[in-house]
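Student:
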Amino acid sequence: MSVLEIVDLHAVVATDGGELPVVRGISLSIDAGEIVGLVGESGSGKSFTALSVLGLLPDGARVSGGRILVDGEDLLSLRAAERRTRRGGTVAMIYQDPMTALNPLMTVGAQIAEGLRAHGVDGAEAKKRTLAAIEEVGLPRPERIARSYPHRLSGGQRQRVVIASALALRPKVLIADEPTTALDVTIQQQILALVDELRVAHDLAVLWITHDLGVVARIANRVAVMYAGRIAEAAPTRSLFAAPQHPYSAALLASIPSPTDTVRGPLPQIGGAPPDLTALPPGCPFEPRCAQREPGCAATEPDPVHRGDADTACFVPRERWTTAEEAG
Amino acid sequence: MTQEMPPAAAAVVPAAPRTAGQPSLPRRILADRNGLIGVVLIGALALIALASLVHLGQDPLAQHQSGQLAGPSGAHWLGTDQFGRDIAARVAAGIFASLRVALVSVALATVIGGLLGVLSGFAGGILDAVVGRLTDVLFAFPATLLALALVAALGHGWFNTAVAIAVVYTPIFVRVARGPVLTVRESEYVRAGRVLGFSRSRLLFRHVLPNVSAPIAVQVALALSWAILTEAGLSFLGLGTQPPNPSLGLMVADSRNFFPDAWWTLLFPALAVVVAVVGLNLIGDGLRNALDPRTVRR
Amino acid sequence: MIEVTEAARHYRTSDGVVRAVDGVSFVVAEGETLGLVGESGCGKSTTAKLLVALERPTAGTILVDGIDVATARGAELRRLRRTIQLVFQDPYASLNPRRRIAATLAEVLAVHDLARGAAATRRVGELLEMVGLPASVGERYPHQLSGGQRQRVGIARALAVEPRVLVLDEPVSALDVSVRAEVMNLLVSLRASLGLTYLFISHDLGMVRHLCDRIAVMYLGKVVEAGGWRQVSDDPLHPYTRSLHDAVPVADPTVESGRSGRTLTGEVPDPAAPPPGCRFHPRCPIAEDRCRTTEPPLLAQPDGDRLVACHLV
Ligand SMILES: Nc1ncnc2c1ncn2[C@@H]1O[C@H](COP(=O)(O)OP(=O)(O)OP(=O)(O)O)[C@@H](O)[C@H]1O
Ligand SMILES: Nc1ncnc2c1ncn2[C@@H]1O[C@H](COP(=O)(O)OP(=O)(O)OP(=O)(O)O)[C@@H](O)[C@H]1O
Ligand code: SF4
Ligand code: SF4
Ligand SMILES: [Mg+2]
Ligand SMILES: [Mg+2]
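Here it is in structure tokens:
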């Protein structure tokens, strides 16, 4: 059963030159206990998608169409006050920089308790659940951590505190926007293991945004690859890495050096740059950079179709692709 | 084989090259609404001040026996004062005097303070410590009091007034210049210059200075408006421009005795001060917007 | 080409002495590429700064093509500048935002009396071509370029003095995944065509493995393991290198699902107060008593060209 279901989501941001389509029709669903990795080039709309779900888009940006269902309830049709109780309550988010998510002038215990109180958990109960939440993310001596100010903690400890705070209300959906990018690899490893543990323990539905395909390979059950505001391909992780159905996913994977190569040739590169959102071409947005393009690709934009295990927004099935050498 | 060049070259370049460079700074200020209003206001004042130089209208010192404290009329557009002098001519001359003191004082403060700030920030060490201590000392005095004391010590005259105001504002420019220099000095492109063997003076003048000029420019506009207020204040207290020379501050001071009946003696000089201060602040706003890296980097 | 012997750089701060680099030794032969890996704060960038004389060592010696970096002054320092150059991590911050690219490159040529006027214009065109950029890029400002293009400019600027060694401090970390391959390929082809020696700094083991001949692993200001690229990346010996090897996610779900799931516990210690004995002992899964008191020396291993600093290897 999908806990989070995004249906044909559109979001725009106002600029001097009019409204820019940043998210252009995204559909994605996440089951309970599932981690979906969301990857894609910088500016492809990953954060906008996440912020749309939380109703936290920046000023000037708005959702311009579609539905966001959590347990069948459309968040976009809720009134502002109801929306707020869902935020944190049923949908929680963790960010890249844990420092920005924490108030430097409050002890971390007070901050976690404040979040609980905003959702009606008070007094001794709030205190108890705060300590339990800190303990759950593997921080030693919860009482001492609760009394600490954020700057006293290391980057990894801070991110654990943010996770504790996000999960204290037992949300059903956790959205993570590059939460380990700023951390050391050994600390990242600890956080990834922690989130995986919590996912299993609480049947969490997780949307994990990252640039790092290695992180996706480690923790995601499914992957969605974004390109120019759309999902180019969504597939189970193993299928996507083994046989990508979209030329962009294929090119992205090919450009990463293999950890087992013994002969190190040139890396296949994609070349070109993503399209300018102010002047999107009428056809497939990847067409100018695509090694598999066919004459029809520039005329109309492909809609997602089911191929193999994947949903891919591409006209040309894998069998018709030219050889891998030319794919780069 | 390995010899071949990555073919990315042409493809990586965005298709439509944006205009190389930015519109010029004056244009960007005028494109800003505040900046535009400020420039118009100050431009008008400057024209009036210039007109006073060539005595286009009346002589500001001439006493017209016919009408003392006469209201605005065809002969005296803004009326006359207690000695029958033409207020329009005196306001124009007063604006000139104010702007002259403001420009000279701020120019001195900018050059001396800016230079000290940039050098001490860039060089660090003992120079920085000494300059820092000196500015702290100057900052410890209330600004107006310091200016008063300096004028009292230096004697009257517009240039001495300008010097006094300059001394008061120099530490502000030291700080305004030093902060960004510290940031730019540690920036990667200055580091890159050091690794590439650029001399210190090249780094200072070619790389650091152009990148700290923005906050200094904004400060100049704001300091000009304070300087006009301070000059008016000093004259009001009898320490700036000496009678019978026209000065906005002095005119306001004199009008105290007459203004319930002769409102024009207060209104017009006061208005001139307000317009100058507001105009310069608006230019400061416009400059800040025009120089904001977020709009520059777009 | 590069010979670093027991180099140290300590910073005095209000929190005590930070031992950013604390006795590092390595050599890089001419034409060779050495990769320097390690976690944040272990001293990689400080080592880079020492090599290009942005910082002076507080102890030890550093020789670059025979020039003693610690004491180089005047003409000797100029020769050093023309021998070794640095490419920075953040391609935006390392370019003066108010200068056109051509002016940035021409300035380097002028400072070193390499070319002026028309000759400089020609040379700027050559440099841009060398890094795979069209000459029209010269007319642009840094903010008008993409990240990948900026990094190419950063490389062109370093190459303007015709150096023989490039220190590359995380040159692709700030770039999008899809442009990293371009810059990596550029580095490989420049190395071949110009015969360059590289010190390649990165926390991305995959990129280091792809580019380097030898790899040195740093932990808290020290080298703990060094050897051939396959030895260190595929068959690490030091417990820290092994943990790093396990921690770095690789883009292959089959490899990932075969992982032991063991994670390295604890935090990276503060370089102002490194643990006594082996610096890795608080986190080391196989630490013994002597590890807590005696620091293991960096010793040659029987399997050839490899050095490891661990009592139990
Ligand atoms: N306030 C804004 N005004 C105009 N455009 C904006 C604004 N905020 C974001 N954008 C544009 O929206 C697009 C999507 O941004 P988003 O932050 O979702 O990208 P992302 O995929 O999260 O990228 P990254 O990997 O860099 O975080 C980008 O092209 C960006 O330029
Ligand atoms: N000028 C300085 N004063 C005090 N401490 C410093 C200074 N420069 C660096 N350090 C400290 O020295 C240590 C090593 O820093 P360095 O920048 O060399 O690390 P790094 O390995 O490059 O890390 P990263 O991967 O984050 O770039 C860090 O703990 C840092 O805080
Ligand atoms: S639709 Fe055509 S251009 Fe687009 S990705 Fe598929 S093959 Fe390439
Ligand atoms: S010396 Fe001891 S503590 Fe250090 S790495 Fe080896 S086994 Fe671990
Ligand atoms: Mg983002
Ligand atoms: Mg570094």
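Chains as they are written, first to last, in UniProt numbering: chain A, 1 to 328; chain B, 1 to 298; chain C, 1 to 313.
Glycine included, every Cβ here is placed at the ideal spot set by N, Cα and C.
With respect to the beta strand (DSSP E) encompassing THR294/C, which residues constitute its N-terminal and C-terminal limits?
Tutor: Walking along the third sequence from the start, residue 294/C turns up at place 294. Where THR294/C is concerned, there is no enclosing beta strand (DSSP E), given that its DSSP letter is neither H nor E.
Student: Please work out which residues of its chain come closer than 8 Å, Cβ to Cβ, to THR294/C, disregarding the five sequence neighbours upstream and downstream, and give them in chain order.
Tutor: By 1-based counting over the third sequence, the position of residue 294/C is 294. Excluding sequence neighbours, THR294/C sits near GLY277, CYS278, HIS311.
Student: Does any CB atom of chain A fall closer than 8 Å to the CB of GLU267/C?
Tutor: Residue numbering aside, residue 267/C sits at position 267 when the third sequence is read from its first letter. For GLU267/C, the answer is yes, since a Cβ of chain A falls inside 8 Å of its Cβ.
Student: Looking only at C-alpha atoms, which of ALA8/C, VAL17/C, ARG98/C sits nearest to CYS141/C?
Tutor: Residue 141/C sits at position 141 when you count from the first residue of the third sequence. It should be pointed out that residue 141/C corresponds to Tyr in this sequence rather than to Cys. The residue with the shortest Cα to Cα distance from TYR141/C is ARG98/C.
Student: On the DSSP bridge list, what partners appear for PRO302/A?
Tutor: Along the first sequence, one-based indexing puts residue 302/A at 302. In the DSSP output, where bridge partners are listed per residue, PRO302/A has none listed.
Student: Which class does VAL296/B belong to by DSSP, given the choice of helix, strand or coil?
Tutor: The sequence position of residue 296/B within the second sequence is 296, counting from 1. Bear in mind that the predicted position of VAL296/B carries a pLDDT of just 42, short of 50, making it too unreliable to give a figure here.
Student: Under 6 Å Cβ to Cβ from VAL162/A, same chain only, skipping five residues before and after it: list those, please.
Tutor: Numbered from 1 along the first sequence, position 162 holds the residue referred to as residue 162/A. Within the same chain, Cβ atoms closer than 6 Å to the Cβ of VAL162/A are found at ILE94, PRO98, ALA101, the five residues on either side in sequence being excluded.
Student: Within 8 Å of any Cβ in chain A, is that where the Cβ of LYS174/C sits?
Tutor: Start at 1 with the first residue of the third sequence, and residue 174/C comes out as number 174. Correcting the residue type first, residue 174/C is Ala in the shown sequence and not Lys. Chain A contact via Cβ: absent.
Student: So for PHE26/C, helix, strand or coil by DSSP?
Tutor: Position 26 of the third sequence, counting from 1, holds the residue named residue 26/C. Here PHE26/C sits in strand by DSSP.
Student: Could you check whether the region 221-230 of chain A touches the region 281-288 of chain A, counting it as contact only if at least three pairs of C-beta atoms, one from each stretch, sit closer than 8 Å?
Tutor: yes
Student: According to DSSP, is ARG256/B part of a helix, a strand, or is it coil?
Tutor: In the second sequence, the residue the question calls residue 256/B occupies position 256. In the structure shown, ARG256/B falls within a coil segment according to DSSP collapsed to helix, strand and coil.
Student: By alpha-carbon positions, which one of LEU244/C, ASP252/C, ALA247/C, ARG242/C ends up nearest to PRO244/A?
Tutor: Your numbering for residue 244/A matches position 244 in the first sequence. Taking only the C-alpha atoms, the option nearest PRO244/A is ASP252/C.
Student: Terminal residues of the continuous beta strand (DSSP E) containing LYS222/C?
Tutor: Counting from one through the third sequence, the residue named residue 222/C turns up at place 222. Element bounds for LYS222/C: 222-228.
Student: Mind checking which residues open and close the beta strand (DSSP E) that includes GLY65/A?
Tutor: In the first sequence, counting from the first residue as 1, residue 65/A sits at position 65. Looking at the DSSP string, the run of the beta strand (DSSP E) that includes GLY65/A is 61-70.
Student: With a threshold of 6 Å on Cβ separation, who are the neighbours of VAL153/C within its own chain once the five nearest residues in sequence on each side are excluded?
Tutor: Position 153 of the third sequence, counted from the first residue, corresponds to residue 153/C. Cβ neighbours of VAL153/C beyond the five flanking positions: ILE101.
Student: Which residues in the same chain have their Cβ closer than 7 Å to the Cβ of SER239/A, if we skip the five residues on either side of it in sequence?
Tutor: On the first sequence, position 239 is the one that residue 239/A refers to. If you ignore the 5 residues before and after SER239/A, its C-beta comes within less than 7 Å of the C-beta of GLY308, ASP309, ALA310, all in its own chain and listed in chain order.
Student: Identify every residue that forms a DSSP beta bridge with GLN85/C.
Tutor: Walking along the third sequence from the start, residue 85/C turns up at place 85. The partner list for GLN85/C (beta bridge, DSSP) reads LEU166/C.
Student: Answer with buried or exposed for VAL111/B, where buried requires no fewer than 16 other C-beta atoms within 10 angstroms of its C-beta.
Tutor: Residue mapping note: residue 111/B aligns to position 111 of the second sequence, counting from 1. Under this definition VAL111/B is an exposed residue.
Student: Who does ALA224/A pair with in a DSSP beta bridge?
Tutor: Position 224 of the first sequence, counted from the start, is the residue given in the question as residue 224/A. Per DSSP, LEU38/A, ALA234/A.
Student: Measuring CB to CB, does GLY71/B end up less than 8 Å from TRP226/B?
Tutor: In the second sequence, residue 71/B corresponds to position 71, counting from 1. In the second sequence, residue 226/B corresponds to position 226, counting from 1. Going by C-beta atoms, GLY71/B is not nearer than 8 Å to TRP226/B.
Student: Tell me ALA11/A's beta-bridge partners as DSSP assigns them.
Tutor: Counting from 1 along the first sequence, the entry for residue 11/A is found at position 11. According to DSSP, which records beta bridges pairwise, ALA11/A is partnered with VAL23/A, VAL63/A.
Student: Along chain B, which residues have their Cβ under 8 Å away from the Cβ of ALA93/C?
Tutor: Translated into positions along the third sequence, residue 93/C becomes position 93. The contacting residues are SER187, GLU188, TYR189.
Student: For ligand 6, is there a heavy atom less than 7 Å away from the beta-carbon of LYS44/C?
Tutor: Stepping through the third sequence from its first residue, residue 44/C is reached at position 44. Checking the Cβ of LYS44/C against ligand 6 gives yes.
Student: At the 8 Å Cβ level, is GLY206/C part of the contact set with chain A, yes or no?
Tutor: Reading the third sequence from its first residue, position 206 is the one you call residue 206/C. Residue-level contact check: GLY206/C touches chain A, since one or more beta carbons of chain A fall below 8 Å from its beta carbon.
Student: For PRO142/B, which residues in the same chain have their Cβ closer than 6 Å to its Cβ, ignoring the five residues on either side in sequence?
Tutor: Looking up residue 142/B in the second sequence gives position 142. Here the set comprises nothing.
Student: Could you give the distance in angstroms between the alpha-carbon of GLN144/C and the alpha-carbon of PRO297/C?
Tutor: By one-based count along the third sequence, residue 144/C stands at place 144. By one-based count along the third sequence, residue 297/C stands at place 297. Taking the straight line from one Cα to the other gives about 50 Å.
Student: With LEU244/C and LEU220/C assumed to form a contact (beta carbons below 8 Å), what rounded beta-carbon distance in angstroms separates them?
Tutor: Position 244 of the third sequence holds residue 244/C. Position 220 of the third sequence holds residue 220/C. Their Cβ separation, rounded to whole angstroms, is 13 Å, which puts LEU244/C and LEU220/C out of contact at 8 Å.
Student: For VAL37/C, which of HIS281/C, PRO302/C, TYR240/C, GLY258/C has the nearest alpha-carbon?
Tutor: Working through the third sequence from its first residue, we reach residue 37/C at position 37. Here the closest residue by C-alpha is TYR240/C.
Student: Is the Cβ of ASN289/B closer than 8 Å to any Cβ of chain C?
Tutor: By one-based count along the second sequence, residue 289/B stands at place 289. Taking Cβ atoms only, chain C never reaches closer than 8 Å to ASN289/B, which makes this a no.
Student: So with Cβ pairs under 8 Å, would you call ASP90/C a contact of chain B?
Tutor: For this step, residue 90/C is matched to residue 90 along the third sequence. Yes - at least one Cβ of chain B is within 8 Å of the one on ASP90/C.
Student: Measuring from the CB of ALA287/C, is there a heavy atom of ligand 4 at a distance below 7 Å?
Tutor: The residue you call residue 287/C lines up with position 287 of the third sequence. Because some heavy atom of ligand 4 lies under 7 Å away, the Cβ of ALA287/C counts as near it: yes.
Student: Using 8 Å as the threshold, is the C-beta distance between GLY113/B and VAL54/B below it?
Tutor: Residue mapping note: residue 113/B aligns to position 113 of the second sequence, counting from 1. Residue mapping note: residue 54/B aligns to position 54 of the second sequence, counting from 1. Result no, Cβ atoms of GLY113/B and VAL54/B do not sit closer than 8 Å.
Student: Is it the case that the CB of SER178/C approaches a heavy atom of ligand 1 more closely than 7 Å?
Tutor: Counted from its first residue, the third sequence places residue 178/C at position 178. No; taking the cut-off as 7 Å, the Cβ of SER178/C has no heavy atom of ligand 1 nearer than that.
Student: Please determine whether the Cβ atom of PRO271/C lies at a distance below 7 Å from any heavy atom of ligand 2.
Tutor: Here residue 271/C refers to the residue found at position 271 of the third sequence. Yes, since a heavy atom of ligand 2 falls inside the 7 Å radius drawn around the Cβ of PRO271/C.
Student: Among residues of its own chain, excluding the 5 on either side of GLY21/B, which ones have a beta-carbon nearer than 8 Å to its beta-carbon?
Tutor: If you number the second sequence from 1, residue 21/B lands on position 21. Residue confidence for GLY21/B is low, a pLDDT of 46 falling below 50, so the modelled location carries little weight and cannot support an answer.
Student: Express the C-alpha separation of ILE30/A and SER195/C in angstroms, rounding to a whole number.
Tutor: Here residue 195/C is taken as the residue at index 195 of the third sequence, counted from 1. Here residue 30/A is taken as the residue at index 30 of the first sequence, counted from 1. Looking at the sequence provided, one finds Gly at residue 195/C rather than Ser. Roughly 51 Å between the two C-alpha positions.
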